[in-house]
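Enquirer: The opening residue of the sequence shown carries number 3 in the UniProt record's numbering; numbering runs sequentially from there.
Quick one: this structure, given as structure tokens, is what I'll be asking you about.
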Amino acid sequence: ESLLLLNQVCKSYAAGTPAETQVLFDIDLTVTQGEFAALIGPSGSGKSTLLNIIGLLDRPSSGRLFMTGKETSQLDEDSLTQLRGHAIGFVFQSHYLLTAFTATENVMMPMLMQAGRPDDAMREQAQSLLAQVGLKNWQDHLVGNMSGGQQQRVAIARALALNPPLILADEPTGNLDTKSTDAIFELMREVNRRQKTTFLMVTHNMVLARRCDHTIELVDGRIVTR
Ligand code: ADP
Ligand code: ADP
Numbered sequence: 003e004s005l006l007l008l009n010q011v012c013k014s015y016a017a018g019t020p021a022e023t024q025v026l027f028d029i030d031l032t033v034t035q036g037e038f039a040a041l042i043g044p045s046g047s048g049k050s051t052l053l054n055i056i057g058l059l060d061r062p063s064s065g066r067l068f069m070t071g072k073e074t075s076q077l078d079e080d081s082l083t084q085l086r087g088h089a090i091g092f093v094f095q096s097h098y099l100l101t102a103f104t105a106t107e108n109v110m111m112p113m114l115m116q117a118g119r120p121d122d123a124m125r126e127q128a129q130s131l132l133a134q135v136g137l138k139n140w141q142d143h144l145v146g147n148m149s150g151g152q153q154q155r156v157a158i159a160r161a162l163a164l165n166p167p168l169i170l171a172d173e174p175t176g177n178l179d180t181k182s183t184d185a186i187f188e189l190m191r192e193v194n195r196r197q198k199t200t201f202l203m204v205t206h207n208m209v210l211a212r213r214c215d216h217t218i219e220l221v222d223g224r225i226v227t228r
């Protein structure tokens with residue numbers, strides 16, 4: 003059962019101008035439901051570009067992308083936003099947490115887009131998610147006062163807020179020490195096993211990549227198999 007399928011996806015930046023550069027070439031890729039996949043490759047190989055396309059934040063220049071069985075090239079911006087909202091949770095370095103708000107408030111943030119949910123119900127669910135990621139005693143602390151590892155736990159709880167089938171994580175352990183790296187990876191693995199949430203994680207950490215179910219390696223915009 004494929005949750006995500008890419009067929010011959012290409013991406014060029016500045017298409018149609020003299021500066022046009024192709025950065026992804028004929029990407030064929032399947033991520034099955036319940037899988038924990040790693041996306042690896044040297045800097046500049048196209049990982050962020052590919053993750054943005056898979057996250058429905060950017061469109062392929064050509065080729066097809068199926069998300070939860072839906073072909074996405076014909077979808078307008080509103081439909082893409084809607085699909086992104088319920089299919090994908092993001093743990094991106096660029097999706098900053100709101101440091102002046104509490105952990106609970108940060109986790110509630112995606113829920114606010116669901117019209118008409120009572121505040122108490124959202125707060126209760128956010129607190130339960132924070133307990134799941136080991137932050138039961140930190141729910142009312144400001145995120146700005148928490149450690150890097152704790153902030154990554156908040157980001158994971160927030161990504162889980164709408165219970166998406168897929169979580170995209172861009173170097174989720176990039177700024178963490180070895181001990182926190184292991185803890186955060188194990189936490190994601192546990193969510194993956196318990197809830198069958200599918201993960202696609204960009205990482206430079208080969209030790210972690212080897213502990214994933216499936217490794218996708220990009221070199222110069224192409225998938226290499228070894
Ligand atoms: P990383 O290697 O961690 O992906 P980069 O420094 O390559 O980070 O890229 C950071 C941001 O800058 C990304 O959002 C990327 O899309 C953008 N970027 C990278 N290279 C270029 C470029 N040549 N022109 C415009 N934007 C770029
Ligand atoms: P990675 O995440 O593996 O470091 P990226 O996807 O960030 O790779 O970048 C792949 C290539 O695309 C790089 O050569 C980068 O400079 C280029 N690139 C990334 N974003 C842009 C952009 N917005 N405009 C032009 N070139 C870009």
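Glycine is no exception: its CB is placed at the ideal position from the N, C-alpha and C atoms.
Quick caveat, the model's predicted, so the values are computed rather than measured.
Using 8 angstroms for Cβ pairs, my map puts L178 next to G150. What's the rounded Cβ distance?
Expert: Right, their Cβ atoms sit about 6 angstroms apart.
Enquirer: Taking K72 and L59 to be in contact with their CB atoms under 8 angstroms, please state how far apart those CB atoms are, rounded to whole angstroms.
Expert: The Cβ separation is near 16 angstroms, so there is no contact.
Enquirer: Assuming contact is defined by CB atoms lying nearer than 8 angstroms, are V204 and L41 in contact in what I supplied?
Expert: Their beta carbons are under 8 angstroms apart, which means V204 touches L41 by this criterion.
Enquirer: Candidates G36, N147 and F94: which alpha carbon is nearest S54's?
Expert: First, the amino acid is wrong: residue 54 is Asn here, not Ser. When only C-alpha atoms are compared, the closest one is F94.
Enquirer: Hey, could you find the ends of the alpha helix (DSSP H) K49 is sitting in?
Expert: That run of the alpha helix (DSSP H) goes K49 to I56.
Enquirer: On a CA-only basis, which of K49, R61, A123 and D122 is nearest A16? Give me that one, please.
Expert: Comparing Cα-Cα distances from A16 to each of K49, R61, A123 and D122, the minimum goes to R61.
Enquirer: Helix, strand or coil for G43? Go by DSSP, reduced to three states.
Expert: Three-state DSSP puts G43 in coil, outside helix and strand.
Enquirer: Determine the extent of the beta strand (DSSP E) in which R224 is found, giving its start and end residues.
Expert: R224 to V226 is the extent of the beta strand (DSSP E) around R224.
Enquirer: Might you give, ordered along the chain, the residues of its own chain that have their beta carbon closer than 8 angstroms to the beta carbon of M208, omitting 5 neighbours on each side?
Expert: The residues are I42.
Enquirer: Below 8 angstroms, how does it come out for the segment 130 to 148 and the segment 95 to 109: are there three or more Cβ pairs, yes or no?
Expert: At 8 angstroms Cβ cutoff, the stretches touch.
Enquirer: Please state whether DSSP places V109 in a helix, a strand or coil.
Expert: V109 falls in the helix class under three-state DSSP.
Enquirer: Out of L131, T200 and G136, which one is the CA nearest neighbour of G36?
Expert: For G36, the nearest C-alpha among the options comes from T200.
Enquirer: Please classify P20 as buried or exposed, where buried requires at least 16 other C-beta atoms within 10 Å of its C-beta.
Expert: Burial call: exposed.
Enquirer: Who are S64's beta bridge partners in DSSP?
Expert: The partner list for S64 (beta bridge, DSSP) reads C12.
Enquirer: Sorry if obvious, but does the Cβ on S63 come closer than 7 angstroms to a heavy atom of ligand 2?
Expert: No, Cβ of S63 sits at least 7 angstroms from all heavy atoms of ligand 2.
Enquirer: Thinking just about the alpha-carbon of each residue, which of A128, L202, Q24 and V226 is nearest to the one in D215?
Expert: Of the candidates A128, L202, Q24 and V226, the one whose C-alpha sits nearest the C-alpha of D215 is L202.
Enquirer: For a cutoff of 8 angstroms on Cβ pairs, would you count S47 as touching chain D?
Expert: Reference to chain D is not applicable here, since this structure consists of a single protein chain.
Enquirer: Could you give the residue range of the beta strand (DSSP E) that holds L189?
Expert: Per DSSP, L189 belongs to no beta strand (DSSP E); it is in the alpha helix (DSSP H), T180 to Q197.
Enquirer: With DSSP run on the structure shown, which of helix, strand or coil describes S81?
Expert: Residue state, collapsed to three classes: helix.
Enquirer: With respect to the alpha helix (DSSP H) encompassing L100, which residues constitute its N-terminal and C-terminal limits?
Expert: Run containing L100: none; DSSP gives neither H nor E here.
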